[in-house]
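As structure tokens, the structure follows; a few thoughts come after it.
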Amino acid sequence: MNFHAWFECFSGCGVRYRVDQIVYRCESCGGLLEVRHDIDALKQRSAADWKQLFDSRLGRLSGVWSKKEVVLPELEDKSIVSLGEGHSPLIQSERFAQHLGIDEIYIKQCGTSHTGSFKDLGMTVLVSMVNQIRARVRAVVCASTGDTS
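This is the structure:
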């Protein structure tokens, strides 16, 4: 099964761009872009099938890339650049769930990763995509206000 993602303007015009295009804002209206996925294709697998697939990849791939189909499905495996990010725990918070009036909620604790930063999750995706399209990109720069912002 083929899964796809794309950038889409969510300012109203709905223009789409391939995920390998270097575009920062909608070229039609100047609006912001969001990543969209082919949800209908993803729904073709049952929740149990997804869980089995993701569980089969644990330990071999980072916590991000073990779920590649819902992160960046167009990325070739050979382009992945990873330091094993994403293996931080999900912690159940019973009191927070009660406060929200729901049965259960889990909080992702990225501060326990080897860098202490949630930014690793996005950077592995960015650097891997740049690695795939590297003929068009000479360098990667990431502006940051620190590891925890």
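Each residue of the sequence shown is one higher than the last, beginning at 117 in the working numbering. Beta carbons: idealized from backbone N, C-alpha and C, even for Gly. Given the structure is predicted, the values throughout are model-derived calculations rather than measurements.
Where residue i falls, given that 16 or more other Cβ within 10 Å makes a residue buried
i: residue 165; result: exposed
i: residue 117; result: exposed
i: residue 210; result: exposed
i: residue 241; result: buried
i: residue 265; result: Its pLDDT being 45, under 50, residue 265 is placed unreliably by the model, and nothing is read from it.
i: residue 219; result: exposed
i: residue 129; result: exposed
i: residue 143; result: exposed
i: residue 216; result: exposed
i: residue 226; result: buried
i: residue 260; result: exposed
DSSP-derived helix/strand/coil call for residue i
i: residue 216; result: helix
i: residue 155; result: helix
i: residue 255; result: coil
i: residue 124; result: strand
i: residue 68; result: The requested residue 68 is not part of the displayed model; the chain covers only 117 to 265.
i: residue 185; result: helix
i: residue 143; result: coil
i: residue 117; result: coil
For residue i, the first and last residue of its enclosing alpha helix (DSSP H)
i: residue 248; result: 235–248
i: residue 168; result: 163–173
Whether residue i touches residue j by CB criterion (8 Å)
i: residue 139; j: residue 190; result: no
i: residue 246; j: residue 253; result: yes
i: residue 192; j: residue 137; result: no
i: residue 174; j: residue 121; result: no
i: residue 204; j: residue 235; result: no
i: residue 237; j: residue 201; result: yes
i: residue 156; j: residue 119; result: no
i: residue 207; j: residue 213; result: no
Span of the beta strand (DSSP E), counted from its first residue to its last, around residue i
i: residue 224; result: 222–224
i: residue 206; result: 206–208
Minimum Cβ-Cβ distance from residue i to chain B less than 8 Å
i: residue 141; result: No chain B appears in this structure, which consists of one protein chain only.
Practice prompt. Give a yes or no on contact between the stretch 134–152 and the stretch 118–126, applying the rule of three or more CB pairs nearer than 8 Å.
Written response: yes
query = Quick check: the stretch 179–188 against the stretch 196–203, are there 3 or more CB pairs under 8 Å?
reply = yes
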